[in-house]
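Written out below as structure tokens is the structure these notes cover.
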Amino acid sequence: MTDGTDPISGAEVALTGYGTQTTDATGIAIFADVLPESGIAYTVTAADYDDATGAVTVVNADVAEGVTMVLTTYTVTFTVTDQNEAPIEGAEIMIDETHNLTTDASGVATIELVDGTY
């Protein structure tokens, strides 16, 4: 399991019929004695990431299944109004160096952010 670049340790990998294993520091979970079968379903869960699901086919050899986890995002909506609560179009909202928004005609700007302090 990786985030696209780095391994994710501590992720829970559930393989249907074979229980659950936890990924190690290298992002690997090992299941022993898995019988050859096509389409064994799995689910991967990790804190701060969306769950990942898929299926793996096991033949008469070791199988490695790469899974890239995606950080969970949350919708944050800003509404900018004047002292009379009328919407302000074109207001600039600066969250940090890389997240800047401009309100629409309704005074609203929306962004998807990962968990954190901004």
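Reading the sequence shown from the start, the letters are residues 84 to 201 in this note's numbering. Idealized CB from N, CA, C, for every residue including glycine.
If the criterion is Cβ atoms closer than 8 Å, does the pair threonine 103 and serine 92 meet it? In the sequence shown, residue 103 corresponds to position 20, counting from 1. In the sequence shown, residue 92 corresponds to position 9, counting from 1. Judged by their CB atoms, threonine 103 and serine 92 are not nearer to each other than the 8 Å cut-off.
Neighbour-count burial assignment, isoleucine 113, 16 or more Cβ in a 10 Å radius: As a first step, residue 113 is located in the sequence shown; it is residue number 30 there, counting from the start. Exposed, since its Cβ has fewer than 16 Cβ neighbours within 10 Å.
Under 8 Å between C-beta atoms of phenylalanine 161 and valine 197: One-based indexing of the sequence shown puts residue 161 at position 78. One-based indexing of the sequence shown puts residue 197 at position 114. No, they are not a contact pair.
In this structure, how does DSSP classify proline 119 when only helix, strand and coil are distinguished? Numbered from its first residue, the sequence shown carries residue 119 at position 36. Reduced to three states, the DSSP call for proline 119 is coil.
In whole angstroms, what is the alpha-carbon distance linking threonine 186 and valine 117? On the sequence shown, position 103 is the one that residue 186 refers to. On the sequence shown, position 34 is the one that residue 117 refers to. C-alpha separation (whole angstroms): 54 Å.
What residues in its chain sit with their C-beta under 6 Å from that of alanine 108, if we drop five residues either side in the sequence? Residue mapping note: residue 108 aligns to position 25 of the sequence shown, counting from 1. Contacts found: Ser92.
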